[in-house]
Amino acid sequence: MIASLPRSRWLRAATSLYVVAFLIFLFVPLVIVAAFAFNDAPYPAPPWRGFTLDWFVGNASTGRVGLFHDPELLGSIWTSITVASWVTFLSVCVGTANAFLMERFRFPGKQVLSVLMLAPLVIPGVILGISILSLSSRLAEFADDAFGLDLDFLRPGLPLVALGQFSYIATVATLMISARLKRFDRTLEEAALNLGASHAAVLRTITFPYLRPALIGSAAIAFLMSFENFNTTLMLVGSDSPLTIMMYGRMREGASPVLNAVSLFLMLASAMLALTMMRGGSRASTAGAAAKP
Amino acid sequence: MSELAALLPVVPGVWRRRFVLTLLLAPALLWLLALIVLPHVQLALLSLRERVAPHVFEPSLAQYRTFFTEPLYWEVFVRTAVLSAVATALTLLVAFPIAWVITKVARGRASSLLFVVCLIPFWVSETVRSLGWLILLRQSGVLPALLVKLGLTAAPVELLYHDATILTGLVYTSLLFMVVPLVSSLESLDNSLIEAAYDLGASGPSILRGIVIPHAAPGITAGCIVVFMLTLGNYLTPNLLGGKNSQWFTELIYTQFIVRFNWEQGAAFGFLLLGLSTLMVSVGLRLSGQRFVDVMRRS
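Line by line, the protein sequences are chains D and R.
Mind the numbering: the first sequence is residues 1 to 293 in this note's numbering, read in order.
Mind the numbering: the second sequence is residues 1 to 299 in this note's numbering, read in order.
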């Protein structure tokens, strides 16, 4: 029942209990991950054996290789950052172009194009991955047969990972930037044009400053989604693993608390990103953060 | 741009617009053709051929025939679909009360705080969340140890690798995608309608059935569509929490493509999964009479 209606004490208690249980369910896995990053034991499992920072700063001399001395993990973080930067750059550029295209122009086939633009969101990530993999392999084969060219970027590897992630993150960027452009008051542009401003000047001084929050917001979301992507990446990855793939591989071998240490860093980074987004963003943009697995 | 316009003094506006339109269409078409349409055409062609000798292929339906004649394959397919449907229903059941509390019971700051708190875990990578469940549930993990300490079980029990574990993980991963559309559809429900019904003597369940659910239907459908789709295509959660017992269809695709290098079979599996996913999305839309574009915007 809603707040303005009388509710029995039993109902109130049940509601509070449910909310508390729900929050425990949400946060227990995260708290557990964070806590075991500091456990003084070789496996992330109970019992608690005391506090240690070995899993962050440990090196070969302590017998425990901590996060800061694990070149493989640090390298995969760097790989993820590189891929995510490319995906962010491409998605925001294409998303902005798409927003102007869909909000400002009429052309034959617009309806089809707008449905097609949303399609990447309903295609499972695994299938995006295998379809791009099969096309690029076909092209690589063709280049090899016809011209004797060995096109390395068409083989599984980071360029394909970036393209695969971009293929659906571009949709998210398009939606976020279009939503803001739609609410723009075009009389502002007309006024500036009437007063003699050039189109370029109008874009630079009026339209883009207005779009700025959406551009920054979609960049943040694109970066996060790329960093956390697993499904599409799994199918396209070559010898260099981004962080999620590296962590998955190690989790299957049997986890060491180094993974907890790296996870704690990821949580802190996401929390910081979320806080900056929430300060400037709306509910919708925050919700849009939900990374497609 | 301005130079071009100067060259065409008669109809500068039209030409400028044409030019800009072409410029803006190029990236969109390049993106959609090169990364969405053509890859799927290639995948379709791949799924419709058969290897008859090394490097010799013939068009055939053999890959799809294998799917229907090999019980293991379609059993996994049906299992994935059924478990995804169950996970979607459970997610709705768990998320609805929270969306209700956020929109109708909590007020002001408490309400927005609760909403934000519900979103936070989903900013963290699915890999990290799965790691949490692994540490929590495996035989040497926290929960089995706790059960022993409480005297509920004599020895630590293995809580991983059950269907219930997979479902828990899937519900956990999907909650956000259900809470957000539910909150936005319940937010627009006028409280005075509920008050009026209550004053006229309606009971809780009948208010829920007669007012709340019809009003929230678009949000419920949107949430269910997205959750079902994501669950069906999930790989990480069933794989890590279910281990060898997970039998998830995406794992078959991965095995065919990456492990066995049988791309033709993998492509056919991919299309079957895509077909099921698309079918469920369109049935969901048909049932609720919504347009695809609106649903995607809402979620």
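Don't be surprised by glycine CBs; every beta carbon is placed ideally from N, CA and C.
Remember, it's a predicted structure, so these values are computed and weren't measured experimentally.
Inset, instruction - Output the distance between the C-alpha atoms of A192/D and R17/R, rounded to the nearest integer angstrom. - result: Between A192/D and R17/R, the alpha-carbon positions lie close to 18 Å from each other.
Legend entry - Short CB-CB distance (under 8 Å) between I177/D and chain R: It does not; no Cβ of chain R falls within 8 Å.
Inset, instruction - Using 10 angstroms around the beta-carbon of H40/R, count the other beta-carbons present and answer buried if the total reaches 16, otherwise exposed. - result: By the 10 Å Cβ count, H40/R comes out buried.
Inset, instruction - State the Cα-Cα distance for the pair A289/D and E50/R, rounded to the nearest angstrom. - result: Because A289/D sits at a pLDDT of 42, beneath the cut-off of 50, its placement in the model cannot be relied upon, and the following sentence gives the value as read from the coordinates. Cα atoms of A289/D and E50/R: separation of roughly 42 Å, rounded to the nearest angstrom.
Legend entry - Supposed contact pair G275/R and T250/R - C-beta distance, whole angstroms, cut 8 Å: Going by Cβ atoms, the distance from T250/R to G275/R rounds to 14 Å, so no, they are not a contact pair.
Inset, instruction - Determine the DSSP secondary structure at L11/D, reduced to helix, strand or coil. - result: For L11/D, the secondary structure class from DSSP, reduced to helix, strand or coil, is helix.
Legend entry - Boundaries (first-last residue) of the alpha helix (DSSP H) holding F223/D: For F223/D, the enclosing alpha helix (DSSP H) covers residues F208 to E228.
Legend entry - Closer than 8 Å to chain R by CB, A301/D: Since the first residue shown for chain D is 1 and the last is 293, residue 301/D is missing from the structure and cannot be characterised.
Inset, instruction - Specify the secondary structure class of A34/D as computed by DSSP and reduced to three states. - result: In the structure shown, A34/D sits in a helix (DSSP, three-state: H, G or I).
Legend entry - CB of W31/R within 8 Å of CB of A222/D, strictly: No, they are not a contact pair.
Legend entry - Amino acids of chain D, ordered along the chain, whose beta-carbon sits closer than 7 Å to that of K104/R: Residues of chain D passing the Cβ test: I2 and A3.
Legend entry - Selection from L21/R, Y161/R, T91/R and T103/R that minimises the alpha carbon distance to K244/R: It is Y161/R whose Cα lies nearest to the Cα of K244/R.
Inset, instruction - Please classify E251/R: does DSSP put it in a helix, a strand, or coil? - result: The answer is helix: DSSP assigns E251/R an H, G or I state.
Legend entry - Under the three-state DSSP convention, the category E264/R falls into: Three-state result, E264/R: helix.
Inset, instruction - Note down, in chain order, each residue of its chain lying with its Cβ closer than 8 Å to the Cβ of F56/D, except the 5 sequence neighbours on either side. - result: Within the same chain, and ignoring the five residues on either side of F56/D in sequence, the residues whose Cβ sits closer than 8 Å to its Cβ are A37, G66, L67, F68 and A261.
Inset, instruction - Could you tell me whether the Cβ atoms of A295/D and I120/R are closer together than 8 Å? - result: Any question about residue 295/D goes unanswered here, given that chain D covers just 1 to 293.
Legend entry - Residues that S288/R contacts on chain D, provided the C-beta gap is smaller than 7 Å: In chain D, no part has a C-beta under 7 Å from the C-beta of S288/R; the shortest such distance is about 16 Å.
Legend entry - Min CB distance D145/D to chain R below 8 Å: Not flagged as an interface residue toward chain R: D145/D, since no C-beta distance is shorter than 8 Å.
Legend entry - Rounded separation between P213/D and I213/R - CA only: About 35 Å.
Legend entry - Cβ-Cβ separation, F177/R to L90/R (assumed contact under 8 Å), whole Å: Contact doesn't hold; Cβ gap of about 13 Å is too wide.
Legend entry - Residues bridged to A53/R [DSSP beta-bridge criterion]: According to DSSP, which records beta bridges pairwise, A53/R is partnered with V56/R.
Legend entry - Near-chain D residues of the stretch 139 to 151 of chain R - C-beta to any C-beta below 7 Å: When CB distances to chain D are screened at a threshold of 7 Å, the residues of the stretch 139 to 151 of chain R falling below it are S140, G141, V142 and A145, in chain order.
Legend entry - Proximity test, Cβ basis, 8 Å: P71/D and chain R: Chain R, which has no Cβ nearer than 8 Å to the Cβ of P71/D, makes this no.
Legend entry - Contacts of E158/R in chain D (Cβ-Cβ under 8 Å): Residues of chain D with a Cβ closer than 8 Å to the Cβ of E158/R do not exist, since the nearest Cβ in that chain sits about 13 Å away.
Inset, instruction - Would you mind telling me which residues of chain R sit closer than 7 Å to P46/D, beta carbon to beta carbon, in chain order? - result: The contacting residues are V142 and A145.
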